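Colleague: Here you go, one structure.
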Amino acid sequence: MSTTPISPRTVIRDAMVSAFRVPEYRVALNYLTETELKQSAVYCVIVSDEARAEGNSFQRDMVAATVKLILWANDASDPRGKLDGMIEDACETIRTALATLRADKTIVSGMLDDIQSDEATTAAGPLAQAVMRLSVTYQRPAVMA
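Residue numbering for the sequence shown follows my numbering, starting at 721 and increasing by one per position.
Given below as structure tokens:
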């Protein structure tokens, strides 16, 4: 009986998702359609792009991956205020998730790289968006011959 190993990418994504605690905000694992965005405030958690990091050998590969948190706030009265609250919640969530992932040795390191948000325009209506990018480094068995 063989079991498929769980990818570090999935473990990292799931740790981020499970760390969110604000019940009125949804958490999604995929980019959303415009219709889905208009329903509520949503966090989207995506682990993307991997590259070899420093510290590699024949036995192990150190991998740097990007984690993206996309935040959509839908609020007719103050979308930017709601987005700012979501950003603060996400920063606390990231701290908790990264500490857990480091403690269980899933990752070697992790940090928030930047937060980019859209401009507050009247054309955006009740929607506001931000993208938070994190870098995480973890170890994979070497893939070389």
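Virtual Cβ for every residue (Gly too), placed ideally from N, Cα, C.
Remember, it's a predicted structure, so these values are computed and weren't measured experimentally.
1) Suppose contacts are defined by Cβ-Cβ distances below 8 Å. Is VAL787 in contact with VAL856 by that definition?
2) In whole angstroms, give me the CA-to-CA distance for LEU832 and VAL762.
3) Please list, in chain order, all residues of the same chain as LEU818 whose beta carbon is under 6 Å from its beta carbon, the five residues on each side excluded.
4) Starting from the C-beta of ILE672, find all residues in its chain whose C-beta is less than 8 Å away, skip the five residues before and the five after it, and write them out in chain order.
5) Thinking C-alpha only, which one of GLU770, PRO725, VAL851, TRP792 is nearest ALA784?
6) If you count every other CB in all the chains shown that lies within 10 Å of the CB of LEU854, and 16 or more means buried, which is it?
7) Counting only beta-carbon atoms, is VAL856 nearer than 8 Å to chain C?
8) Relative to the C-alpha of MET808, which candidate in SER797, LEU789, ASP824 has its C-alpha closest?
9) Where LYS825 and ALA748 are concerned, what is the direct C-alpha to C-alpha distance, given to the nearest angstrom?
10) Please report the distance separating the alpha-carbon of LYS758 from that of LEU847.
11) For SER797, which option in SER738, ARG741, VAL851, ALA844 has the closest C-alpha, if you only look at C-alpha atoms?
12) For ILE790, list the residues DSSP reports as bridge partners.
Modeller: Reading from the atomic positions:
1) yes
2) Roughly 19 Å between the two C-alpha positions.
3) So the qualifying residues of the chain are GLY830.
4) For the chain, the structure presents residues 721 to 865; residue 672 sits outside this window and is missing.
5) Among GLU770, PRO725, VAL851, TRP792, the Cα nearest to that of ALA784 belongs to GLU770.
6) Burial state of LEU854 is buried, judged by a 10 Å Cβ sphere holding 16 or more other Cβ atoms.
7) In the structure shown, chain C does not exist; there is a single protein chain.
8) It is Glu, not Met, that sits at residue 808 in the sequence shown. Among SER797, LEU789, ASP824, the Cα nearest to that of GLU808 is on LEU789.
9) LYS825 and ALA748 have their alpha carbons spaced roughly 25 Å apart.
10) 7 Å
11) Just measuring C-alpha positions, the residue of SER738, ARG741, VAL851, ALA844 sitting nearest SER797 is ALA844.
12) CYS764, VAL851
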